[in-house]
Each structure stands twice: as C-alpha cells, then as structure tokens.
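Reading the sequence shown from the start, the letters are residues -18 to -1, 1 to 199 in mature numbering (1 follows the signal peptide of the UniProt record, and there is no 0). Heads up, the thing below is written out as structure tokens.
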Amino acid sequence: MKAALCVVLLALACSCRAGPSAELRGMLAEKEEAGSIWALLVAGSNSWMNYRHQADICHAYQVLHAHGVPDDHIVVMMYDDIAHNEENPNPGVIINHLKGPNVYPGVPHDYTKEAVTPENFLKILTGENMNGTGSGKTIQSGPDDYVFVYFADHGAPGIVAFPDKMLSAKKWNEAITKMHQENRYKQMVVYVEACESGSMFDKLLSDNINGEIDLRH
C-alpha cells in the first residue's frame, strides 16, 4: 500500500470545537495490526487568553492514552502556563468543554516553555536527535506506522505561530517531503487548527506525495 497523507485544516478565527476527536478516533479505528501509532501534539501559543489551544492538546492526549497508545509514542509540545496560571480558578485543572473532565493529569511535559519552537517541532517530527532538550522524545516512525500531528494556535497566510517565532509553510512541507522520502509513515494525518490554515498545504504538497486536503470552516 502506498503511503497516504491526509491534511485536515480547520480555519476558524476562534475555534469552538473540542479538538480533532473524529479524525483521531478514525485513525485509531483504521489502524491495522502491523505498525504503531505515533503522535505529535502541539499548542503553539501561550498565556491565559489562549487557554483553548492547550486544552485541546491535553484532550487529544487523553484520547490517545485511552486507546492504549503508550507515552513513548506521544510527544507533547505546550508552554504549560495554563493549569497553574494565577487566573485559573481551579489550579491544576484544564477542561476542553464546559463542565468537562480535567484533561491535564498525566499529560507528558516533553517540551515546555522556551522549548516550544518551530525548529524543535521540525526536528521532533522528522526524528532528529533532541538529546539535551526537553524529554528528548521524537517521532521514530517507520514505513508501517501511523503518524498523527495536531497543531493548535493562531496563523496567517503561509505561517503558523509559536510563542516567539513563526513556522513557514515552506519549512513544514519540506519536513513532510523528507518523511515521505525516508518512508517514515504508512498513513499520516495532519490536523491544523488555525486561521489561514489552508495556506499551509494547499497546492504546496510535493506531487510525489499521495495526499488529500480537507479544508473545514
């Protein structure tokens, strides 16, 4: 079977969705016996006003964990300034929908604070050595594996935001092309929740990649 890439782009100025539950559960259900699931979950923002991004990342982790995906196959990047923020009326608690459960407990603190950068994101995604930074975990997927990438933050044409820098569409597409050339996935689902998310991949994916783009509003 030829490697397949599905890019789901949610272009909302202020998302009210509770994360990519349907897409993630679909991948978990479709996975064949051979191969493993790897996940890279990224909240690119910081500060209390951007609560929803870390809340959705934490929720995605809980879905993966509940389906038996081990922590050594899940990499989490988030600034981690929400759960114990001075504005949080319930310290240590993050919810991703009204009256929902606390989705913060158990979430790996792989890369936090200043480690949440575009450069680290690309290295982690492509499996480069991260020894000495954060947990050191990276996506070590192979040709039979399923890779799920979830990015939640703000965006603009051709870029998505990290706390102090921007990630360009060009750099992200180069990383995906590298993964394709190195046979690092059987199926990859990339879910981007950001304004102008369509500009990150539409008409930019390499012609050699068997990809599908789903733009949602």
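Beta carbons are placed, not taken as given, at the ideal position from N, Cα and C, and that holds for glycine. These numbers come from a predicted model, not from an experiment.
Restricting attention to I195, D127, G193 and I76, the CA atom closest to the CA of D62 is found in I76. The Cβ neighbour count for W30, taken over all protein chains shown within 10 Å, is under 16; the residue is labelled exposed. Unbroken alpha helix (DSSP H) runs of no fewer than 4 residues, entirely contained in the segment 27 to 85, are found at 33 to 48, following chain order. Between the C-alpha atoms of D53 and H91 there is a straight-line separation of about 11 Å.
Per DSSP, reduced to three states, the secondary structure at A16 is coil, with no helix or strand assignment. Distances from the alpha-carbon of G137 to those of A157, V171 and H35 put H35 closest. Within the same chain, H35, Q36, I39, M60 and A134 come within 6 Å of A25 by CB-CB distance, once the 5 residues on both sides are set aside. Residue burial is scored here from C-beta neighbours: H162 has at least 16 other C-beta atoms within 10 angstroms and is therefore classed as buried.
E110 carries a coil assignment under DSSP once its states are collapsed to helix, strand and coil. Contact between the segment 174 to 191 and the segment 10 to 24 is absent, with fewer than three C-beta pairs closer than 8 Å. Using a 10 angstroms sphere on the CB of A151, the tally of other CB atoms reaches 16 or more, which defines it as buried.
Around the Cβ of Q169, a 10 Å sphere holds 16 or more other Cβ atoms; the residue is buried.
Annotated three-state conformation of A(-16) is coil, per DSSP. The beta carbons of V171 and V(-11) sit closer together than 9 Å. Residue range Q169 to E175 is occupied by the beta strand (DSSP E) that includes Q169, with no alpha helix (DSSP H) assigned at that position.
Contact between G88 and H55 is ruled out by a C-beta separation of about 15 Å, above the 8 Å threshold.
Of the residues assessed, H41 falls on the buried side of the cut-off, its CB having 16 or more other CB atoms within 10 angstroms.
DSSP places M182 in no beta strand (DSSP E); its state is neither H nor E.
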